[in-house]
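Read through the structure below, which is laid out as structure tokens, and then see the notes.
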Amino acid sequence: NAGVTQTPKFQVLKTGQSMTLQCAQDMNHNSMYWYRQDPGMGLRLIYYSASEGTTDKGEVPNGYNVSRLNKREFSLRLESAAPSQTSVYFCASSEYYNEQFFGPGTRLTVL
Amino acid sequence: SQQGEEDPQALSIQEGENATMNCSYKTSINNLQWYRQNSGRGLVHLILIRSNEREKHSGRLRVTLDTSKKSSSLLITASRAADTASYFCATGLSGGFKTIFGAGTRLFVKA
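So the protein sequences, as listed, match chains V and D.
Going by this note's numbering, the first sequence wraps up at 130, each residue one higher than the last.
Going by this note's numbering, the second sequence wraps up at 160, each residue one higher than the last.
Right, dumping it as structure tokens:
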């Protein structure tokens, strides 16, 4: 039982490059989330998926797209990376209104 | 500004002392959660309190919720050096699945 897994753990991009962050959970949770955390700050919600087949914008969705591939997997795509997207990205899952379980994070640097 | 705001931003105490952190929020909530983050790691859920609850305990943790004042507090009793971490409150907003995090309180417990 791995919980929430994220790949990759680290990534360096050049401005304008694209990439997809992968997230998978094995807890059969309905809801999944993507957050970013900038140094010394809390988490900001980028997108979330309340259940399979639905996605909604969070606080800071600009520059990102998401795909809820199936109940287990929720990916985050940066189409044209910008230095302002340098951050640590966390994926989480939960059963509706209950506690969220977090992955270990992806540290992304955009040069 | 963020939905949840913690106070104080940083707290330094001696081992054995109690630590109290406060969280204020702005809009109606379904629940309020507290998380801990050790440096460089993902978040770990500590406790969830629903909007119709006033107090909840879990081990050395005590959480209170005052919906009339839109505030919550987290008390850690008999703190240990291992409690050194950042603590975040997160509000589950009414009518949806969004969870909004505050900027956190950095707790340092000196041995």
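The C-beta atom is built at its ideal place from N, Cα and C for all residues, glycine as well.
Checklist entry - How big is the Cα-Cα spacing for Leu110 (chain D) and Ala130 (chain D)? => result A direct Cα-Cα distance of roughly 15 Å separates Leu110 (chain D) from Ala130 (chain D).
Checklist entry - With 8 Å set as the bound, which would you pick, yes or no: does the beta-carbon of Gln63 (chain D) sit closer than that to a beta-carbon of chain V? => result Closer than 8 Å: no.
Checklist entry - In this structure, does DSSP put Ala68 (chain D) in helix, strand or coil? => result Residue state, collapsed to three classes: strand.
Checklist entry - Cα separation between Ser50 (chain D) and Tyr136 (chain D)? => result Residue confidence for Ser50 (chain D) is low, a pLDDT of 43 falling below 50, so the modelled location carries little weight; the figure read from the coordinates is stated next. Rounded to whole angstroms, Ser50 (chain D) to Tyr136 (chain D) spans 18 Å at the Cα level.
Checklist entry - Given that a residue counts as buried once 16 or more other Cβ atoms are within 10 Å of its Cβ, and exposed if not, what is Tyr115 (chain V)? => result The residue is exposed, with fewer than 16 neighbouring Cβ atoms inside 10 Å.
Checklist entry - Helix, strand or coil: how does DSSP classify Ala59 (chain D) here? => result Here Ala59 (chain D) sits in strand by DSSP.
Next on the checklist: Assuming the contact rule is C-beta atoms closer than 8 Å, Gln82 (chain D) and His94 (chain D) should be a hit. Round their C-beta distance to whole Å, please.
Outcome noted: Indeed they touch by this definition, with Cβ atoms about 6 Å apart.
Checklist entry - Distance, Cα to Cα, Tyr83 (chain V) vs Asn47 (chain V)? => result Going by the C-alpha atoms only, they are around 25 Å apart.
Next on the checklist: Do Asn79 (chain D) and Gly141 (chain D) count as a contact pair if the criterion is CB distance below 8 Å?
Outcome noted: Annotated as proximal: Gly141 (chain D) and Asn79 (chain D), with beta-carbon spacing under 8 Å.
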